[in-house]
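First up is the structure itself, then whatever we jot down about it.
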Amino acid sequence: MRKLILLTMALLALPALAWAQATQPSMALSTTTEGGKPTINASVKLNGKALENVTLQFYAVRSFGNLLLGEDTTLDDGSAAVDFPTGLPGSADGQLHVFVKVKSPAQFADAASAAALFPSNVQRPKEEPFPRALWAPHAPLLLMGTIFLLVAGVWLCYAFVIGQIVAIYRGAKQ
Amino acid sequence: MRPDQPVNTNRRAILRHSLKVLGAAAAGSVVYKAFGRADTDKTATTGPVQMETTPALAPADSAAAARQGVPGRKWIMVIDLAKCDGCGKCKSACAKMHFIPPDREWIKVLKMQAAELTAPYYFPQPCYHCDNPPCTKVCPVDATFKRSDGVVLIDNERCIGCRFCIAACPYGARSFNWSPPDDPAAAVQKGYSPEHGYPRRIGTVEKCDFCPDMAEMGMLPACAAACPMNAIYYGDENEDAVTSSGGETLRLSKLLVDRSGYRHLEELGTQPRVYYLPPKNRMFTPPTAIPLE
Amino acid sequence: MSPATPDNSEASRASKAATLEADMVATLGAPGAGHKVAVITLALVFAWGLVAYVHQLRIGLAATAMSDYFSWGVYIVDFVFFIGISMAGSLISATLRLTNAHWRHPISRLAEAITVFSLMVAGPMIIIDMGRPDRFWHVLVYGRVQSPILWDVLSLSTYLAGSLLFLYVPMIPDLAILRDTPGLLPWRKKLYGLLSMRWKGSTEQHRRLVRAVSVMAIVILPVAVSIHTVTAWLFGMTLRPGWHSTIIGPDFVIGALYSGVAAVITAIVLFRYFLRLEAYVTVEHLRKLSRLMLVFGIGYAYFVINEHVGSAYTGETAEKPLLAKMISGQFAPQFWGMVVLGLALPVLVLITPAGRRIWGITIAAVLVNIGMWLKRYIIVVPTLASPFMPLHGTSKLNYVPTWVEWSITAGAFAAFALMFMLFAKVFPVISMWERDETASPPQPYHAPAGGPA
Chain A
1 MRKLILLTMA LLALPALAWA QATQPSMALS TTTEGGKPTI NASVKLNGKA LENVTLQFYA
61 VRSFGNLLLG EDTTLDDGSA AVDFPTGLPG SADGQLHVFV KVKSPAQFAD AASAAALFPS
121 NVQRPKEEPF PRALWAPHAP LLLMGTIFLL VAGVWLCYAF VIGQIVAIYR GAKQ
Chain B
1001 MRPDQPVNTN RRAILRHSLK VLGAAAAGSV VYKAFGRADT DKTATTGPVQ METTPALAPA
1061 DSAAAARQGV PGRKWIMVID LAKCDGCGKC KSACAKMHFI PPDREWIKVL KMQAAELTAP
1121 YYFPQPCYHC DNPPCTKVCP VDATFKRSDG VVLIDNERCI GCRFCIAACP YGARSFNWSP
1181 PDDPAAAVQK GYSPEHGYPR RIGTVEKCDF CPDMAEMGML PACAAACPMN AIYYGDENED
1241 AVTSSGGETL RLSKLLVDRS GYRHLEELGT QPRVYYLPPK NRMFTPPTAI PLE
Chain C
2001 MSPATPDNSE ASRASKAATL EADMVATLGA PGAGHKVAVI TLALVFAWGL VAYVHQLRIG
2061 LAATAMSDYF SWGVYIVDFV FFIGISMAGS LISATLRLTN AHWRHPISRL AEAITVFSLM
2121 VAGPMIIIDM GRPDRFWHVL VYGRVQSPIL WDVLSLSTYL AGSLLFLYVP MIPDLAILRD
2181 TPGLLPWRKK LYGLLSMRWK GSTEQHRRLV RAVSVMAIVI LPVAVSIHTV TAWLFGMTLR
2241 PGWHSTIIGP DFVIGALYSG VAAVITAIVL FRYFLRLEAY VTVEHLRKLS RLMLVFGIGY
2301 AYFVINEHVG SAYTGETAEK PLLAKMISGQ FAPQFWGMVV LGLALPVLVL ITPAGRRIWG
2361 ITIAAVLVNI GMWLKRYIIV VPTLASPFMP LHGTSKLNYV PTWVEWSITA GAFAAFALMF
2421 MLFAKVFPVI SMWERDETAS PPQPYHAPAG GPA
């Protein structure tokens, strides 16, 4: 009796488990170079079996949305590929976060893979401190130097004149 | 299980236990499926999880902190004049977010026509956050400043109200608080930051701020998010991508080349950070020709 | 002795000097009724200006007619105007000194005083225009030297300091004379004693004085040119049509020379009449000044033509509406008012026989002052009405200054005049010792051939 109950439960559980499994094809991403052109490859498998005729959309994660890199339909070996987006800068970590989404067939629609990280071939621009510039907080040295020299030159003349006044004052003691 | 229990109790216990497991498995599979299925609404393209590629910075909470740009970013905007139908939702969304009084606009929607024979079009014009800004050059107290992430902000704790920046801006992007401000309570309660520009101070200048507090959290500025025509794209130049309210993300460099993007009054040398796409192949009725001076 | 040959005998010069001293001391005496009425009236006008300013502090700059398009208005016009007339001192005290034009002696102190007082009125005008005058100290603590406003602050303070020195230093021997004059009130004696720096007239002191004044005369000239140039660059360093002009620096300098001389003539005529200085400031002085004014007027007309002929000829997009607004549009009254009152009429008056009479010269000078104020208005306001972007309805599209702006303007002029009147009551307006200085050839003070005007 106990065995019968256990067997029934196992039989009931199986479809649930199978149902959970069947909606999620697994997609793996990799990069290769085909005929001199770098590409991103995706391999779609369902329960270990390659899926054919699945249209995939390749995306790179960006700050406000995902950039569509391309679309491709899987071949009989479950693979699809798009050109690697050369010249596309990576995210803040310098890497491209790429994932694929299923566009068709409908039963797998919107299934998506986790993002894979690929190094971007574009250097992220270095964080440079603000240059000295007219529009920046710190002034160009030429401007500062010119103004300083002009103003100091004039006030030195004033100092001379005040010195003369002081000498006039002192000169009266004679 | 206690060995001295009667056998019937044991079976019930096993049954209860198994049912719990089965229930959990079923529930778990439902939950798993729900999470596994991506959303089917407009943000479907956001993928399984929005990758936190940069640590989410808290918006600056003080004037000094606001002078630091978000590291590694260079915010940029592209406005598609072929899509703008002059509805003005960008203006109202911006006004709502920043509690802007009705006598001024941070983003204007102008009706433009370059010459008698050329097309009239609607022209949304925010502050351009120029890379060679005439406004920051003339500010005597460093109240308006450019950040490393390209945004030009105004610190209204510093501004002395000389209005030289208003005189210097060739695009007329700035406004002045001529009267004592009348901000609603919601604005006053939030602490002042140059990143959102309220609560206002009398005798100071204000303008579009590119919503840097939204951008660093991965959200589009108010104007871009509100545009029903997806005419306003916003993004990070360092990522070479811009996104519109419909979730359409395009490669910036390609977009500007393919669609012949340009900047307004380029010959002035201000180097704006807002690009325009010419009003070509419009799918709606363009505005009527305006009489030129 | 015929009137034509100057009486340069020692006795004659000494008696003339004594007369001048006596007359100067007389001007420092108790104020008459007319003087009191004038001071009270001016003080009331100034007080009214203060009332208007307090009102503005309470309700903000909304008390003015300024708006997001007309972001600068009458206050900036006043500022540029007062800076403009400050050229008077440097021209007459410094330039004429360096060119050895000795006829300047009776008027040089007044001219230098105009410079000092106009700068002292111009500075506050900027603070009045600020949205946050309580934060003025930000300019000193957080100042950015890339900003033309900083250049203006540096230049104005340098020029004010220099003008004060240039006013004070040549006055030292006069202060000594007054210190030694008997019969003056005790506070005066104390003041003159303090300020005269123990001047005894010795050779050594004289040498130092002449050296100091010579240095100041040379230094003050580039400083004077700089103040007008950097004020012009407040406009010239922007991209706006009408402001972004290569000649705006020299335009302001010539305009300042023009309006400065006109201000000197106006002030001289008033002081001459009320203080009875006809013997010292003769019609010949006024004629020489008016000739300077004529030359500068023609020069300024040349600049005005140059400014506008380019945009008229080319019809450039940004400049066309601006020119139209001035010639026949919104600002035509001010523009043509400037041309007629500021350029055409004064030049016409001066080249006719009326230009040799004091009343003619005075009318011309007053017209120039009015015309040059209008010119400052034409510089500041029409450009603001002609932006690059199409005019947009949310902001006010015309500018009619309010009572607050006019009251403060009137208060500024009243303050300027009041400072003068106070100055003339405390210090001698005509330089006494320079008449007598042996370092330069004696002055011929003879009645002009045409008789007194």
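Chains A, B and C, in that order, give the protein sequences.
For the first sequence, the numbering used here begins at 1 and goes up steadily by one.
For the second sequence, the numbering used here begins at 1001 and goes up steadily by one.
For the third sequence, the numbering used here begins at 2001 and goes up steadily by one.
Quick reminder that beta carbons are idealized off the backbone N, C-alpha and C, glycines included.
Quick caveat, the model's predicted, so the values are computed rather than measured.
Item to check | Residue nearest to G2060(C) in terms of C-alpha spacing, selected from D2129(C), L2096(C) and A2113(C) | outcome: The residue labelled residue 2060(C) in the question sits at position 60 within the third sequence. Minimum Cα distance to G2060(C) is reached at D2129(C).
Next on the checklist: Using beta carbons (cut-off 9 Å, strictly below), is A1167(B) in contact with chain C?
Outcome noted: As a first step, residue 1167(B) must be located in the second sequence, where it is residue number 167. It does; some Cβ of chain C falls within 9 Å.
Checklist entry - Which residues in the same chain as P1126(B) place their Cβ atom closer than 6 Å to its Cβ, once the five residues preceding and following it in sequence are excluded? => result In the second sequence, residue 1126(B) corresponds to position 126, counting from 1. If we look at P1126(B) and ignore the five residues flanking it on each side, its Cβ neighbours are I1107 and C1208.
Next on the checklist: I'd like to check one pair, L1252(B) with E1266(B): are the Cβ atoms closer than 9 Å?
Outcome noted: The residue you call residue 1266(B) lines up with position 266 of the second sequence. The residue you call residue 1252(B) lines up with position 252 of the second sequence. No; because the gap between Cβ atoms is not below 9 Å, this pair is not in contact.
Next on the checklist: Please classify P1006(B) as buried or exposed, where buried requires at least 16 other C-beta atoms within 10 Å of its C-beta.
Outcome noted: Here residue 1006(B) refers to the residue found at position 6 of the second sequence. Confidence is the limiting factor: at P1006(B) the pLDDT is only 47, short of 50, which leaves the residue's position unreliable, though a coordinate-based value still follows. Its Cβ having fewer than 16 others within 10 Å, P1006(B) is exposed.
Checklist entry - Thinking C-beta only, is Y1122(B) closer than 9 Å to L1081(B)? => result In the second sequence, residue 1081(B) corresponds to position 81, counting from 1. In the second sequence, residue 1122(B) corresponds to position 122, counting from 1. It is a contact, given that the beta carbons lie within the stated cut-off.
Checklist entry - Considering only residues of the same chain and omitting the five flanking positions on each side of R2376(C), which have a CB-CB separation below 6 Å? => result Counted from its first residue, the third sequence places residue 2376(C) at position 376. Cβ neighbours of R2376(C) beyond the five flanking positions: V2077, V2080 and F2081.
Next on the checklist: Taking its Cβ as the centre, do 16 or more other Cβ atoms sit within 10 Å of D1258(B), making it buried, or is it exposed?
Outcome noted: What you label residue 1258(B) is simply residue 258 of the second sequence in a count that begins at 1. It is exposed - the Cβ of D1258(B) has fewer than 16 other Cβ atoms within 10 Å.
Checklist entry - For K2325(C), does the count of other Cβ atoms within 10 angstroms reach 16, so buried, or fall short, so exposed? => result In the third sequence, residue 2325(C) corresponds to position 325, counting from 1. Answer is buried; the Cβ neighbour count reaches 16.
Checklist entry - Using a Cβ-Cβ cut-off of 7 Å (strictly less than) and excluding sequence neighbours within five positions of V2400(C), which residues of its own chain qualify? => result Mapped onto the third sequence, residue 2400(C) falls at position 400. So the qualifying residues of the chain are A2065.
Item to check | When A1143(B), K1091(B) and E1116(B) are compared against V1205(B), the one with the closest alpha-carbon | outcome: Reading the second sequence from its first residue, position 205 is the one you call residue 1205(B). For V1205(B), the nearest C-alpha among the options comes from A1143(B).
Next on the checklist: Which same chain residues end up closer than 7 Å to Q1050(B) when comparing Cβ atoms and leaving out the 5 residues on each side of it in sequence?
Outcome noted: Residue numbering aside, residue 1050(B) sits at position 50 when the second sequence is read from its first letter. Confidence is the limiting factor: at Q1050(B) the pLDDT is only 40, short of 50, which leaves the residue's position unreliable, though a coordinate-based value still follows. G1218.
Checklist entry - Based on the DSSP secondary-structure assignment, which residues constitute the bridge partners of V82(A)? => result Taking the first sequence and counting its residues from 1, the one referred to as residue 82(A) is at position 82. Answer is I40(A).
Item to check | Simplified DSSP assignment, three categories, for E71(A) | outcome: Here residue 71(A) refers to the residue found at position 71 of the first sequence. Strand, per DSSP.
Next on the checklist: Just verifying my parser: in three-state terms, what is the DSSP assignment at L2119(C)?
Outcome noted: Position 119 of the third sequence, counted from the first residue, corresponds to residue 2119(C). Helix.
Next on the checklist: So Y1198(B) contacts chain F; which residues on that side make the cut at Cβ distance below 9 Å?
Outcome noted: Among the protein chains of the structure shown, namely A, B and C, there is no chain F.
Checklist entry - Can you tell which of E2204(C), A2279(C), L2270(C) and M2372(C) has the C-alpha that lies nearest to the C-alpha of V2304(C)? => result Taking the first residue of the third sequence as 1, we reach residue 2304(C) at position 304. Checked all of E2204(C), A2279(C), L2270(C) and M2372(C); the closest Cα to V2304(C) is M2372(C).
Item to check | chain A residues whose Cβ lies nearer than 7 Å to that of I2227(C) | outcome: Reading the third sequence from its first residue, position 227 is the one you call residue 2227(C). Under the 7 Å cutoff, chain A gives no residues; its nearest Cβ is about 12 Å from I2227(C).
Checklist entry - What does a CB cutoff of less than 7 Å around L2164(C) pick up in its chain, not counting 5 residues either side in sequence? => result Numbered from its first residue, the third sequence carries residue 2164(C) at position 164. Only V2116 meet the Cβ criterion.
Item to check | Neighbour flag for I2172(C) against chain A, beta carbons, 9 Å | outcome: Working through the third sequence from its first residue, we reach residue 2172(C) at position 172. Chain A contact via Cβ: present.
Next on the checklist: Just checking: is the beta-carbon of K1146(B) within a distance shorter than 9 Å of some beta-carbon in chain A?
Outcome noted: As a position in the second sequence, residue 1146(B) is number 146, starting the count at 1. True, the Cβ-Cβ gap to chain A drops below 9 Å.
Checklist entry - Is the stretch 2382 to 2394 of chain C touching the stretch 2321 to 2336 of chain C, taking contact as three or more C-beta pairs under 8 Å? => result yes
Checklist entry - Distance, Cα to Cα, A10(A) vs Q24(A)? => result Along the first sequence, one-based indexing puts residue 10(A) at 10. Along the first sequence, one-based indexing puts residue 24(A) at 24. Computed Cα separation, rounded: 22 Å.
Item to check | Same chain, Cβ closer than 6 Å to N66(A), five either side skipped, listed in chain order | outcome: Here residue 66(A) refers to the residue found at position 66 when the first sequence is read from its first residue. The residues are Y59.
Checklist entry - Is the CB-CB distance between I2149(C) and E2021(C) below 9 Å? => result Locating residue 2149(C) in the third sequence gives position 149, where the first residue counts as 1. Locating residue 2021(C) in the third sequence gives position 21, where the first residue counts as 1. Cβ atoms of I2149(C) and E2021(C): not closer than 9 Å.
Next on the checklist: Quick test of your reading: T1136(B) and W135(A), contact by CB under 8 Å. State the CB separation rounded to the nearest angstrom.
Outcome noted: What you label residue 1136(B) is simply residue 136 of the second sequence in a count that begins at 1. What you label residue 135(A) is simply residue 135 of the first sequence in a count that begins at 1. T1136(B) to W135(A), Cβ: 5 Å. Contact.
Checklist entry - Any idea what DSSP makes of E1248(B), helix, strand or coil? => result Here residue 1248(B) refers to the residue found at position 248 of the second sequence. Correct three-state label for E1248(B): coil.
Next on the checklist: With H, G and I counted as helix, E and B as strand and the rest as coil, what does DSSP make of L2185(C)?
Outcome noted: Taking the first residue of the third sequence as position 1, residue 2185(C) is located at position 185. DSSP places L2185(C) in coil when its eight states are reduced to three.
Checklist entry - What is the residue span of the alpha helix (DSSP H) that Y1121(B) lies within? => result To locate residue 1121(B), count along the second sequence from 1; it is residue 121. Counting along the chain, Y1121(B) falls outside any alpha helix (DSSP H), though it belongs to the beta strand (DSSP E) covering Y1121 to Q1125.
Checklist entry - How close, in whole Å, do the beta carbons of G163(A) and Q2205(C) come, if the pair is a contact with beta carbons under 8 Å? => result Against the first sequence, residue 163(A) aligns to sequence position 163. Against the third sequence, residue 2205(C) aligns to sequence position 205. Going by Cβ atoms, the distance from G163(A) to Q2205(C) rounds to 13 Å, so no, they are not a contact pair.
Item to check | Per-residue burial, N1156(B) [other beta carbons within 10 Å of its own, 16 or more giving buried] | outcome: Working through the second sequence from its first residue, we reach residue 1156(B) at position 156. Flag for N1156(B) reads buried.
Item to check | V1141(B) classed as buried or exposed, judged by whether at least 16 other C-beta atoms fall within 10 angstroms | outcome: Looking up residue 1141(B) in the second sequence gives position 141. Buried, since its Cβ has 16 or more Cβ neighbours within 10 Å.
Checklist entry - Tell me the DSSP bridge mates of F1145(B)? => result By 1-based counting over the second sequence, the position of residue 1145(B) is 145. DSSP output for F1145(B) lists L1153(B) as bridge partner(s).
Item to check | chain B contact residues for R132(A), given Cβ-Cβ distances below 8 Å | outcome: By one-based count along the first sequence, residue 132(A) stands at place 132. Within chain B, no residue comes near R132(A); the closest Cβ sits about 13 Å away, beyond 8 Å.
Next on the checklist: Check whether the stretch 100 to 119 of chain A and the stretch 2107 to 2123 of chain C are in contact - that is, three or more C-beta pairs closer than 8 Å.
Outcome noted: no
Item to check | Residues that A2161(C) contacts on chain A, provided the C-beta gap is smaller than 7 Å | outcome: By 1-based counting over the third sequence, the position of residue 2161(C) is 161. Near A2161(C) (Cβ distances below 7 Å), the residues of chain A are Y158.
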